[in-house]
Amino acid sequence: MRFAIIPGDGIGKEVTAEAVKVLAAVERTFGRRFEYEHLPWSADHFLQTGVTIPSNGYDHLRTFDAIFIGALGDPRVPDNRHARDILLGTRFELDLYVNYRPIKLLDERLCPLKGRTPHDVNFTVFRENTEGLYVSIGGRFKAGTDDEIAIQEELNTYKGVHRIVRYAFEFAKTHGLTKVCMADKSNAMTDGHALWQRVFRQLATEYSGIDATHYYIDALAMYMVLDPGQFQVIVTNNLFGDIITDLGATFQGGLGMAASGNIHPGKTSMFEPVHGSAPKFAGKNIANPIGAISSAALMLETLGLHPEAAAIEAAVLKAVRERQVTHDAGGTLGTREAGDFIAAAVTR
Ligand code: NAD
Ligand code: IPM
Ligand code: MN
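Right, here's the structure in full:
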């Protein structure tokens, strides 16, 4: 297996080092050989060279079995141009239309919701990852004046909506789940989200064993807090999925805990923690590496290395249960020490 590793900015660099450390423990334990190519694409690299991603960058990424990204975002690049090219660009150019974000509570003590246990918080969000409000269609006219007009269009295509909704239903079916909930804002966005309504209703008829329900996104946010146990699979658009997965991360114990995959089935896919570069935490050895390490587990799982992925998941669970974690998760360890514990648990 060959992996492209893009540590990126801020704490992205630190948590990526721990994910790679745990992958190395998997190699030793399972007698496998992984090859890593570290790519320097980041804010530092952009500020030094003027290059966000080289012209053959996406083609190069396609040559790997998978891509791992730490995080991108730096206050010195206020328009976020490098993140747009490296992170969003990879999602778009490699057509990684499934943003797979499991919301799984590992230990009751980590959940800020009163009385909720791992039994109540165990669902998956599928976020459409290649269109919606993220397509950068629009522009500004008379920018910087009192007459400024700013337009940012939301794109919804039949193909785009259909394939993510299909994926959510298929995931439910193959995992023995019985509920899929679609969230949109079709009461206000009566054109774009009417398409979501039509496609969801249409596909639901093909899955007789699955209860297909709908909430408007505002109500869904409320029900996530009030009664998370009702959800098994949620499918939604790009922006709404971004927002509700930060909310979901808090149920898991915070942004440092949440993992994600950016997937195109059968093609080179990309894995990254849900959190960002947290500039205030950077370089202090305090960031929680579990979101990144669990994203590495999702990467192996997606590549069919199931025992290897399960070994990482078990090691993470052990670290959480024994409080061998960073401060945000109720432990006393630094980023590196938390990574050391999980790597050692994999080896055992
Ligand atoms: P953030 O996720 O970087 O941090 C928000 C807060 O969450 C932090 O202050 C911290 O309290 C907590 N947190 C996040 N990661 C943590 C970890 N590993 N361990 C412990 N606590 C953690 O979000 P932000 O502050 O809104 O964004 C900072 C920068 O990151 C911005 O430039 C933003 O655009 C970027 N960003 C990038 C990605 C990505 O690369 N996928 C995701 C989100 C934000
Ligand atoms: C995420 C991030 C990105 C997004 C940002 C950094 C553009 O928040 O991966 O969740 O909005 O998709
Ligand atoms: Mn986000």
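My numbering puts the sequence shown at residues 1 to 348.
Positions of the beta carbon are idealized from the N, C-alpha and C atoms, including for glycine.
Setting aside the 5 residues that flank it on each side, Ala258 is surrounded in the same chain by Ala249, Gln252, Val274 and Gly291, each with a C-beta closer than 6 Å to its C-beta; the list follows chain order. Contact between Asp74 and Ser294 does not hold, since their C-beta atoms are separated by about 24 Å, which reaches or exceeds 8 Å. The segment 146-209 is shown to contain whole beta strand (DSSP E) runs of 3 or more residues at 149-152 and 179-184, in chain order. Asp328 and Arg91 have their C-alpha atoms spaced approximately 29 Å apart.
Contact between the segment 155-171 and the segment 232-243 is established, with three or more Cβ pairs separated by less than 8 Å. Environment of ligand 3, chain-ordered: Asp242 and Asp246, taking every residue with Cβ within less than 6 Å of a heavy atom. Using a Cβ-Cβ distance cut-off of 8 Å, the segment 139-159 and the segment 102-118 are not in contact, since fewer than three pairs of beta carbons, one from each stretch, lie closer than that value.
Contact between Lys21 and Gly339 holds: their C-beta atoms lie close to 5 Å from each other, under 8 Å. Per DSSP, Pro54 is not a residue of any alpha helix (DSSP H), being assigned neither H nor E. Exclusion of Asp120 from the 7 Å shell around ligand 1 follows from its C-beta lying no nearer than that to any non-hydrogen atom of the ligand. By DSSP's assignment, Ser269 forms a beta bridge with Ala66.
For Pro102, the enclosing beta strand (DSSP E) covers residues Val98 to Lys104.
Under DSSP, Glu37 takes part in a beta bridge, and its partners are Ala4. Remark: the shortest separation between the CB of Pro279 and any heavy atom of ligand 1 falls under 7 Å. A straight line joining the alpha-carbon of Tyr134 with that of Arg109 spans about 35 Å.
When the alpha-carbon of Ile244 is set against those of Ile263, Gly256 and Tyr223, the nearest one is in Tyr223. Contact between the segment 97-111 and the segment 29-46 is absent: fewer than three C-beta pairs spanning the two stretches fall below 8 Å. Pairing Leu195 with Leu239, the inter-Cα distance amounts to about 16 Å. Annotated three-state conformation of Ser42 is coil, per DSSP. The beta carbon of Asp85 lies closer than 7 Å to those of Thr52 and Ile53 in the same chain, with the five residues before and after it left out. Within its own chain, the residues whose Cβ lies closer than 6 Å to the Cβ of Phe30, once the five positions on either side in sequence are excluded, are Glu308, listed in chain order. A distance below 6 Å between beta-carbons, with the five flanking residues on each side excluded, links Ile217 to the following residues of its chain, in chain order: Ala183, Lys185 and Phe240.
A straight line joining the alpha-carbon of Pro265 with that of Pro279 spans about 33 Å. Not one heavy atom of ligand 2 lies closer than 7 Å to the C-beta of Leu96. DSSP lists Thr326 as the beta-bridge partner residues of Leu333.
In this structure, the straight-line span from the alpha carbon of Gln152 to that of Glu131 is close to 12 Å. Beta bridge pairing from DSSP links Val233 with Thr124 and Val180.
In the DSSP assignment, Gly139 is bridged to Ile151. In terms of Cβ geometry, Thr326 and Gly256 form a close pair [threshold 8 Å].
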